[in-house]
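In the working numbering, the protein residues as written are -15 to 127.
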Amino acid sequence: MMAMGWIWIGIAIAGVALELITPTALVSIWFTIGALAAGLCETLQLSDIIQIAVFWIVSGSLVVIVRPVGVKYLRGNITATNVDRFIDEIAVVTKQINEQSWGEVKIQGMLWSAVSMDHEVIEVGKQVRIVAIEGAKMLVRSI
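Written out as structure tokens, the structure reads:
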């Protein structure tokens, strides 16, 4: 195995390792597959230029074509929770919402972290509409 073969193995291992430690799915697996395809080209004794081209073409194609489908499929298994009932409801800002830090809103006696969907500053006491919930924060808009 020539030097390029070791490079492709290294890229493939790094891609798998990065995929395993990344909290979001389908980040680097495409480069692993591209490295494996380039490694196959190296085994067939194709030139370094062809190997590099195959790596980028395979990796890029997978990112552009397959990743959106994969992400949609993986996100399709989201289970609705009872906090979804807050979407489209009105909340009151209890801590200013701005670009530098999350704010806070109160709805039905509960305090939630909040960020502005429109990246605007929203002052304490203003009413906002809850647009979505991401993890432990609400995405809101001024009304």
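Quick reminder that beta carbons are idealized off the backbone N, C-alpha and C, glycines included.
This one's a predicted model, so the numbers in the text were calculated from it and none came from an experiment.
- The beta-carbon separation of V42 and I13, rounded to 12 Å, does not stay under the 8 Å limit for a contact.
- In this structure, the straight-line span from the alpha carbon of I(-7) to that of W96 is close to 46 Å.
- G109 sits in coil when the DSSP states are folded into three classes, being neither helix nor strand.
- By the beta-carbon neighbour count (other beta carbons within 10 angstroms, threshold 16), Q92 is exposed.
- Put simply, of R69, Q80 and V11 the residue whose alpha carbon is nearest the alpha carbon of P52 is V11.
- Within the DSSP secondary-structure output, W96 pairs in a beta bridge with V89.
- In this structure, V112 sits near I106, with a CB-CB distance shorter than 8 Å.
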